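Student: Listed in order, the protein sequences are those of chains A and B. The first sequence lines up with residues 73 to 187 when you count with the numbering used here. The second sequence lines up with residues 2 to 116 when you count with the numbering used here.
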Amino acid sequence: AQTVTQSQPEMSVQEAETVTLSCTYDTSENNYYLFWYKQPPSRQMILVIRQEAYKQQNATENRFSVNFQKAAKSFSLKISDSQLGDTAMYFCAFMKPQGDDKIIFGKGTRLHILP
Amino acid sequence: GAVVSQHPSRVICKSGTSVKIECRSLDFQATTMFWYRQFPKQSLMLMATSNEGSKATYEQGVEKDKFLINHASLTLSTLTVTSAHPEDSSFYICSARDPTDDGYTFGSGTRLTVV
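1) Alpha carbons only, please: which of Glu89/A, Glu87/A, Gln111/A, Phe107/A is nearest the one belonging to Thr96/A?
2) If you follow the beta strand (DSSP E) that Glu23/B is in, where does it begin and where does it stop?
3) Whose Cβ in chain B lies nearer than 7 Å to the Cβ of Met83/A?
4) I need the straight-line Cα distance from Glu82/A to Asp102/B, nearest angstrom please.
5) Whose Cβ in chain A lies nearer than 7 Å to the Cβ of Tyr105/B?
6) Which class does Gly180/A belong to by DSSP, given the choice of helix, strand or coil?
7) Within the continuous beta strand (DSSP E) that includes Thr79/B, where are the two ends?
8) Closer than 7 Å by C-beta to Val63/B: which residues in its own chain qualify, once you throw out the five before and the five after it? Chain order, please.
9) From Arg182/A to Ser16/B, what distance separates their C-alpha atoms?
10) Interface residues of chain A around Phe35/B at Cβ under 9 Å?
11) Could you tell me the distance, in whole angstroms, from the CA atom of Thr77/A to the CA atom of Ile121/A?
12) Met46/B and His72/B: beta carbons closer than 8 Å?
13) Does the segment 157 to 177 of chain A touch the segment 74 to 90 of chain B, meaning 3 or more C-beta pairs lie closer than 8 Å?
14) When you compare the segment 11 to 25 of chain B with the segment 145 to 160 of chain A, are there three or more beta-carbon pairs, one atom per stretch, that lie closer than 8 Å?
15) So Asp89/B and Val115/B are in contact, right, with Cβ under 8 Å, and what is the actual spacing, rounded?
16) Between the Cα of Glu23/B and those of Thr106/B, Cys95/B, Gly104/B, spot the shortest distance and give me the residue it belongs to.
17) List the residues of chain A whose Cβ lies closer than 9 Å to the Cβ of Phe92/B, in chain order.
18) Between Arg25/B and chain A, is the shortest Cβ-Cβ distance under 8 Å, so that the two count as touching?
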């Protein structure tokens, strides 16, 4: 069974700084998707970034980028020039396509951006 | 972008009664929908996978008879909590998969309080 591990329960950084959230996963699959989701206080789940395992290039979305290390099964999220609105829970997630298609979430990292 | 509407956002019901939560994909056909439960400050726990026109697949430990799931159309899935008890109080979130791009969109969640 696939597992997703986020080893940082909580982090705090100053506004405008760069922060990296860690995520490791365990799978025997070769083809899969990895995600980072943001859950602000409103509790709406928002997709931050998605990475297909077959792509070697790391995904980026504006200030958000990932460091995908397939062999190490690591998928960290870097937030550059952090903003107060980035304060939220961040969940790393895994999905195996063309199978049960269900998303498996890590336990989350609570990120506080300090003014 | 894809939108998933979830209603109600909040509901309070008396112990022993049933409550229905709806999840609709507004601008795409969702062949698969997922129901999650989230306890305070915890991650999303998958309860069941709902496929249009067939029976839902429940995760281990989830009571099928208590959490009834119906996916009668490609745009609507419902979760009915039957004979609710205070321990069923939680935040319930649905997610719908768009098969055209493997995208997953989440509803805004339902906070259920059983008194």
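C-beta atoms are modelled at their ideal positions from N, C-alpha and C, and glycine is treated no differently. All figures in this text were calculated on a predicted structure; none of them were measured in a lab.
Tutor: Considering the structure as presented:
1) Counting from 1 along the first sequence, the entry for residue 96/A is found at position 24. Closest in C-alpha terms to Thr96/A, from the list Glu89/A, Glu87/A, Gln111/A, Phe107/A, comes Phe107/A.
2) Translated into the one-based positions of the second sequence, residue 23/B becomes position 22. Glu23/B -> beta strand (DSSP E) spans 20 to 26.
3) Here residue 83/A refers to the residue found at position 11 of the first sequence. Counting only Cβ-Cβ distances below 7 Å, Met83/A has no contacts in chain B at all, with the closest Cβ about 15 Å away.
4) As a position in the first sequence, residue 82/A is number 10, starting the count at 1. As a position in the second sequence, residue 102/B is number 101, starting the count at 1. The straight-line gap separating the alpha-carbon atoms of Glu82/A and Asp102/B is approximately 32 Å.
5) In the second sequence, the residue the question calls residue 105/B occupies position 104. Going along chain A in sequence order, the residues near Tyr105/B (Cβ under 7 Å) are Ile175.
6) Numbered from its first residue, the first sequence carries residue 180/A at position 108. Three-state result, Gly180/A: coil.
7) For the purposes of this step, residue 79/B is taken as the residue at position 78 of the second sequence. Note, Thr79/B: beta strand (DSSP E), 77 to 82.
8) One-based indexing of the second sequence puts residue 63/B at position 62. Answer for Val63/B: Met48, Ala49, listed in chain order.
9) For this step, residue 182/A is matched to residue 110 along the first sequence. For this step, residue 16/B is matched to residue 15 along the second sequence. Going by the C-alpha atoms only, they are around 33 Å apart.
10) Along the second sequence, read from residue 1 onward, the residue named residue 35/B stands at position 34. The answer, in chain order, is Asp173, Lys174, Ile175.
11) On the first sequence, position 5 is the one that residue 77/A refers to. On the first sequence, position 49 is the one that residue 121/A refers to. So the two alpha carbons sit approximately 17 Å from each other.
12) Taking the second sequence and counting its residues from 1, the one referred to as residue 46/B is at position 45. Taking the second sequence and counting its residues from 1, the one referred to as residue 72/B is at position 71. No, the pair does not count as a contact, with Cβ atoms beyond the cut-off.
13) no
14) no
15) By 1-based counting over the second sequence, the position of residue 89/B is 88. By 1-based counting over the second sequence, the position of residue 115/B is 114. The pair is a contact, with the Cβ atoms about 5 Å apart (cut-off 8 Å).
16) Mapped onto the second sequence, residue 23/B falls at position 22. Checked all of Thr106/B, Cys95/B, Gly104/B; the closest Cα to Glu23/B is Cys95/B.
17) Locating residue 92/B in the second sequence gives position 91, where the first residue counts as 1. Those within 9 Å of Phe92/B in chain A are Arg115.
18) Position 24 of the second sequence, counting from 1, holds the residue named residue 25/B. Output row for Arg25/B: interface = no.
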